[in-house]
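Visitor: Have a look at this one.
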Ligand code: SF4
Ligand code: SF4
């Protein structure tokens, strides 16, 4: 179970990265990405995104 950030929706605020317990969310230029090798699928990031850019894939 992996969560992904829709880059076309993400506004680069960084809120999700600060809430990931395993630091799986990395800044890539002006957007953020979830590293699927680190993500444990907890879902904590999903509810912190103000623009609902994060969803389970
Ligand atoms: S689902 Fe959990 S582990 Fe995965 S990126 Fe979001 S907060 Fe981090
Ligand atoms: S919380 Fe949402 S908008 Fe902010 S960096 Fe994360 S995915 Fe992008």
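Numbering (this note's numbering), first residue to last: -15 to 41. No residue lacks a Cβ here, since even glycine has one placed at the ideal position from N, Cα and C.
For residue 29 and residue -3, which I take to be in contact (beta-carbon distance under 8 Å), what is that distance rounded to the nearest angstrom?
Guide: Contact flag wrong, Cβ pair sits at about 12 Å.
Visitor: Please state if the CB of residue 41 and the CB of residue -5 are separated by a distance shorter than 8 Å.
Guide: no
Visitor: Could you tell me the distance, in whole angstroms, from the CA atom of residue 7 to the CA atom of residue 18?
Guide: 9 Å
Visitor: Under 7 Å: does the beta carbon of residue 16 sit that close to some heavy atom of ligand 1?
Guide: no
Visitor: At what residues does the alpha helix (DSSP H) containing residue 31 begin and finish?
Guide: 28 to 32
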